[in-house]
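In what follows, a structure is listed as structure tokens, so that the remarks can point back to it.
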Amino acid sequence: MVILVDTGSMRRLAVVVVSSVVGLGLVVAPSPAGAGVKAGARAVGAGAGVKAGETGAGRAQAVRVPGVVPVPVSIRATRGAYAITSSTRIVAAPHDKAASYLAHLLRRSTGYALPIVGSGGGIVIDSAGGTGLPAEGYRLSVSGHGILIKADSGEGAFRGVQTLRQLLPAKAEKSTRQHGPWVVKGVQIEDYPRFSYRGAMLDVARHFFTVSQVERYIDLAAGYKVNYFHLHLGDDQGWRIQIKSWPRLAKIGGRTAVGGDRGGYFTQREYAEIVKYAQRRYVTVVPEIDTPGHTNAALAAYAKLNCDGKARKPYTGTNVGFSSLCTSKEITYRFLDDVIRELAAITPGPYLDLGGDEAQSTKQPDYVRFMSRVQKIVHKYGKSLMGWEEIAAARLDADDVPEHWNPVTGTQDGTQLARSAAKKGLKLVMAPADHAYLDMKYTKKTRLGQDWAAIVEVKRAYGWDPAKLITGVGEDDVRGVEAPIWTETMRTMNDLEYMAYPRLPAIAEIGWSPRASHSWASFRSRLAAQGPRWAARDVDFYRSPQVFQ
Ligand code: IFG
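Residue numbers for the sequence shown follow the numbering used here, so the first one is 1370 and each next one is one higher.
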């Protein structure tokens, strides 16, 4: 990665050889003064920054550029530094979410009061900064005079705070008071996302996770600028959300889990709490009730939902494709109308996800008719339909969102659905199972997870471009990316953290950072610098030998 470093009056284009220990960019070879490039240009070989025959007027400067994940559009080290002290104040508009998030984080680890005030100097968060940057964009500058985050929205300021926190020592992440100093080195950052949808999906149907576990999963992901949280609430093994008009769904359908483990479900009040927690982090919740397949839990709860009128037995195995709602019965659509109405009423976000994957027990013509009909129900309640890419077989509206998940590329068999969706003008979320599925094993020896799509070490999780993966699906056909974690083999928070970290930040960087900045050498060293931050938060992450030598 090439970084512009301002080491005083002379500006220098420098080749950055990122150190593999602390993930910091070290400027090692100054080049002609004045040449300026934005971080994110293609990595060049070390030393290649100095043209042959040049006098190389400057001296080699070892200036540290912080390793941020996702890498910003542009970042350059400047002179000076700012020390956060007991007299530091945070300057922001009242109830600014970015300011309250930062204050909560730093009050805990510094022990400082860090009052939020309306004017003055210190850490200034200006969410109406008139930057003119794209959505979620921000400018972050640190000098001896203070820290300034300028954005045109609260969302942009919040994304800027996620970058600022990474400029502080890892101990800033501790939940108990630590000794200082709390110094942030001079830096100028300008940043905004490549894609508008950067998602994390959590399957609470195969195994149930509590509100606080779900909230921790959201908070960790928000640290990497993830802005959608896709909650997989209904499947064969469990129904996890209270539906008041169909009470047995949660009461009966929520009892079970894979392997006979304890079940559970969210009351609508608990779901609303998760939504509020996510909103405080500018994360939008996308609830998924998988249909017409993956519905055994509902079919076990209500006999009348079955074509033969007989309730299915609860299922605690891990097979897929054996269940289907009865697409020919009218009650199925009254049922879904009630479910969608109640879910839409407690979901502020724009999407309701009705799954649509692996409907092997639903005849294709019935599937298409079913999906077209439920799409209208979702629209009736003011939402757009999201679903796995199979939904592209039905006629969808422009705002509906198919999610590519099959482990295929180019023009391989299985890429037709994504290509046809793009041809219809739909914008896809890309979640290829052989790169982005966090339940894939890291290596054959990984205790948790599966390997049906691929063995996915960190480098493979990072090694793909959503706009090049499938022929006929280019930059403009991609809404963003998502990192699903399916929980057939995961029972605890540590299980989730072990499989999600360090790979979720890889998907988050692919969704946020410029395509031109995509470089494994840069990413792996910046990722290494995240290790102490996860340790400070007791995240049970996998110490990949590809990242943490
Ligand atoms: N495929 C199924 C999931 C889950 C997954 C596990 C999708 C869209 C395999 N469907 O991925 O329910 O079982 O890796």
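Just so you know, even glycine gets a beta-carbon here, dropped at the ideal spot from N, CA and C.
Task: Distance, THR1447 Cα to TRP1889 Cα - done: In the sequence shown, the residue the question calls residue 1889 occupies position 520. In the sequence shown, the residue the question calls residue 1447 occupies position 78. Spanning the two alpha carbons is a distance of roughly 25 Å.
Task: Rounded distance between the beta-carbons of VAL1460 and SER1488, thought under 8 Å - done: Here residue 1488 refers to the residue found at position 119 of the sequence shown. Here residue 1460 refers to the residue found at position 91 of the sequence shown. Rounded, the Cβ-Cβ distance is 6 Å, consistent with contact.
TODO: On the DSSP bridge assignment, give the partners of HIS1773 in chain order.
DONE: The residue labelled residue 1773 in the question sits at position 404 within the sequence shown. For HIS1773, which the question treats as bridged, DSSP gives the partners MET1799.
Task: Element boundaries [beta strand (DSSP E), containing VAL1847] - done: On the sequence shown, position 478 is the one that residue 1847 refers to. Start and end: 1847-1854.
Task: Assigned secondary structure, LYS1813 (DSSP; H/G/I helix, E/B strand, else coil) - done: Here residue 1813 corresponds to residue number 444 of the sequence shown, with the count starting at 1. LYS1813: coil per DSSP, three-state reduction.
Open item on the list: Taking a contact to mean a Cβ-Cβ separation below 9 Å, would you say GLY1498 touches HIS1514 in this structure?
Closed with: Position 129 of the sequence shown, counting from 1, holds the residue named residue 1498. Position 145 of the sequence shown, counting from 1, holds the residue named residue 1514. Between GLY1498 and HIS1514, the C-beta gap is not smaller than 9 Å, which leaves the two residues out of contact.
Task: At least three beta-carbon pairs within less than 8 Å, the stretch 1705-1718 to the stretch 1642-1654 - done: The stretch 1705-1718 vs the stretch 1642-1654: in contact.
- [ ] Return the first residue and the last residue of the alpha helix (DSSP H) that MET1740 is part of.
- [x] On the sequence shown, position 371 is the one that residue 1740 refers to. Per DSSP, the continuous alpha helix (DSSP H) segment holding MET1740 begins and ends at 1733-1749.
TODO: Return helix, strand or coil for ARG1829, following the three-state DSSP convention.
DONE: The residue you call residue 1829 lines up with position 460 of the sequence shown. Here DSSP, grouped into helix, strand and coil, assigns ARG1829 to helix.
Open item on the list: DSSP three-state label for VAL1440, please.
Closed with: What you label residue 1440 is simply residue 71 of the sequence shown in a count that begins at 1. DSSP places VAL1440 in coil when its eight states are reduced to three.
Open item on the list: Measuring only the C-alpha atoms, how far is TYR1702 from VAL1743?
Closed with: Taking the first residue of the sequence shown as 1, we reach residue 1702 at position 333. Taking the first residue of the sequence shown as 1, we reach residue 1743 at position 374. Cα-Cα distance, rounded: 7 Å.
Task: TRP1833 CB to nearest heavy atom of the ligand IFG below 8 Å - done: Your numbering for residue 1833 matches position 464 in the sequence shown. Using a cutoff of 8 Å, the CB of TRP1833 does not count as near the ligand IFG, since none of the ligand's heavy atoms is closer than that.
- [ ] Only counting runs of 4 or more residues, tell me where the alpha helix (DSSP H) segments fall wholly within the stretch 1497-1574, in order along the chain.
- [x] Those alpha helix (DSSP H) runs which fall completely within the stretch 1497-1574 and span 4+ residues are 1523-1536.
Open item on the list: Suppose the cutoff is 8 Å on Cβ atoms and the five residues either side in sequence are ignored; what does the same chain contact list for ALA1823 look like?
Closed with: By 1-based counting over the sequence shown, the position of residue 1823 is 454. Its chain contains PRO1776, ALA1802, ASP1803, HIS1804, MET1809, ARG1829 as the residues whose beta carbon lies nearer than 8 Å to that of ALA1823, once the 5 sequence neighbours on both sides are disregarded; these appear in chain order.
Task: HIS1473, DSSP secondary structure in three states - done: If you number the sequence shown from 1, residue 1473 lands on position 104. DSSP places HIS1473 in the helix class (H, G or I) of the three-state scheme.
Open item on the list: Within the continuous alpha helix (DSSP H) that includes VAL1580, where are the two ends?
Closed with: Along the sequence shown, one-based indexing puts residue 1580 at 211. First-last of the alpha helix (DSSP H) with VAL1580: 1580-1591.
TODO: Please state whether DSSP places THR1755 in a helix, a strand or coil.
DONE: Position 386 of the sequence shown, counting from 1, holds the residue named residue 1755. First, the amino acid is wrong: residue 1755 is Met here, not Thr. Three-state DSSP puts MET1755 in a strand.
Task: Spatial distance of SER1456 from TYR1481 (CA atoms) - done: Numbered from 1 along the sequence shown, position 87 holds the residue referred to as residue 1456. Numbered from 1 along the sequence shown, position 112 holds the residue referred to as residue 1481. Their Cα atoms are separated by approximately 8 Å.
Open item on the list: Going by DSSP in three states, ARG1428 sits in which element: helix, strand or coil?
Closed with: Your numbering for residue 1428 matches position 59 in the sequence shown. With a pLDDT of only 47 at ARG1428, under 50, the local geometry of the prediction cannot be trusted, and the value read off the model is given with reservation. Here ARG1428 sits in coil by DSSP.
Open item on the list: Taking the straight line between their C-alpha atoms, what separation do you get for THR1858 and PHE1577?
Closed with: Numbered from its first residue, the sequence shown carries residue 1858 at position 489. Numbered from its first residue, the sequence shown carries residue 1577 at position 208. The straight-line gap from Cα to Cα measures roughly 12 Å.
- [ ] Assign ILE1700 to one of two classes, buried (16 or more other C-beta atoms within 10 Å of its C-beta) or exposed (fewer than that).
- [x] In the sequence shown, residue 1700 corresponds to position 331, counting from 1. Exposed: under 16 other Cβ atoms inside 10 Å.
Open item on the list: Which complete beta strand (DSSP E) runs does the stretch 1673-1704 hold, if anything under 3 residues is left out?
Closed with: Note on the stretch 1673-1704: there is no whole beta strand (DSSP E) run with a minimum of 3 residues.
Open item on the list: Just to confirm before moving on: does the CB-CB distance between ALA1791 and GLY1841 stay below 9 Å?
Closed with: Working through the sequence shown from its first residue, we reach residue 1791 at position 422. Working through the sequence shown from its first residue, we reach residue 1841 at position 472. The answer is yes: Cβ separation under 9 Å.
Task: Helix, strand or coil at ALA1402 [DSSP, three-state] - done: For the purposes of this step, residue 1402 is taken as the residue at position 33 of the sequence shown. Residue confidence for ALA1402 is low, a pLDDT of 35 falling below 50, so the modelled location carries little weight; the figure read from the coordinates is stated next. Note: ALA1402 maps to strand in three-state DSSP.
Task: Terminal residues of the beta strand (DSSP E) in which GLY1724 lies - done: Numbered from its first residue, the sequence shown carries residue 1724 at position 355. From DSSP, the beta strand (DSSP E) with GLY1724 extends over 1720-1724.
Task: Element boundaries [alpha helix (DSSP H), containing LEU1668] - done: Translated into the one-based positions of the sequence shown, residue 1668 becomes position 299. Following the DSSP letters along the chain, one finds LEU1668 inside the alpha helix (DSSP H) bounded by residues 1665-1670.
TODO: Kindly identify the DSSP beta-bridge partner or partners of TYR1451.
DONE: Within the sequence shown, the letter at position 82 stands for residue 1451. Partner(s): VAL1553.
Task: Beta-carbon proximity check, ALA1539 vs ALA1467, cutoff 9 Å - done: Your numbering for residue 1539 matches position 170 in the sequence shown. Your numbering for residue 1467 matches position 98 in the sequence shown. Contact flag unset, no.
- [ ] Alpha carbon to alpha carbon, how far is SER1522 from VAL1847? Give it in angstroms, no decimals.
- [x] The residue given as residue 1847 occupies position 478 in the sequence shown. The residue given as residue 1522 occupies position 153 in the sequence shown. Distance between VAL1847 and SER1522, taken at the CA atoms: about 24 Å.
TODO: Count the other CB atoms, across all protein chains shown, that sit within 10 Å of the CB of HIS1616; report buried if there are 16 or more and exposed otherwise.
DONE: On the sequence shown, residue 1616 is found 247 positions in, with the first residue counted as 1. His is not the amino acid found at residue 1616; the sequence shown has Pro there. Exposed: under 16 other Cβ atoms inside 10 Å.
Task: Where ALA1452 falls, given that 16 or more other Cβ within 10 Å makes a residue buried - done: On the sequence shown, residue 1452 is found 83 positions in, with the first residue counted as 1. Answer is exposed; the Cβ neighbour count stays below 16.
Open item on the list: Need the endpoints of the beta strand (DSSP E) that GLY1603 sits in, please.
Closed with: The sequence position of residue 1603 within the sequence shown is 234, counting from 1. Boundaries of the beta strand (DSSP E) around GLY1603: 1597-1603.
Open item on the list: Does the structure place the stretch 1528-1539 close enough to the stretch 1892-1911 that three or more beta carbon pairs sit under 8 Å?
Closed with: When C-beta atoms of the stretch 1892-1911 are compared with those of the stretch 1528-1539, three or more pairs fall below 8 Å, so the two segments count as touching.
Open item on the list: When you compare the CB positions of TYR1566 and VAL1827, do they come within less than 9 Å of one another, or not?
Closed with: On the sequence shown, position 197 is the one that residue 1566 refers to. On the sequence shown, position 458 is the one that residue 1827 refers to. Judged by their CB atoms, TYR1566 and VAL1827 are not nearer to each other than the 9 Å cut-off.
Open item on the list: With distance defined between alpha-carbon atoms, name the residue in VAL1434, HIS1887, PRO1439 nearest to PRO1871.
Closed with: In the sequence shown, residue 1871 corresponds to position 502, counting from 1. With distances taken between Cα atoms, PRO1871 lies closest to PRO1439.
Task: ILE1839 versus ARG1884 - alpha carbon distance - done: By one-based count along the sequence shown, residue 1839 stands at place 470. By one-based count along the sequence shown, residue 1884 stands at place 515. Rounded to whole angstroms, ILE1839 to ARG1884 spans 16 Å at the Cα level.
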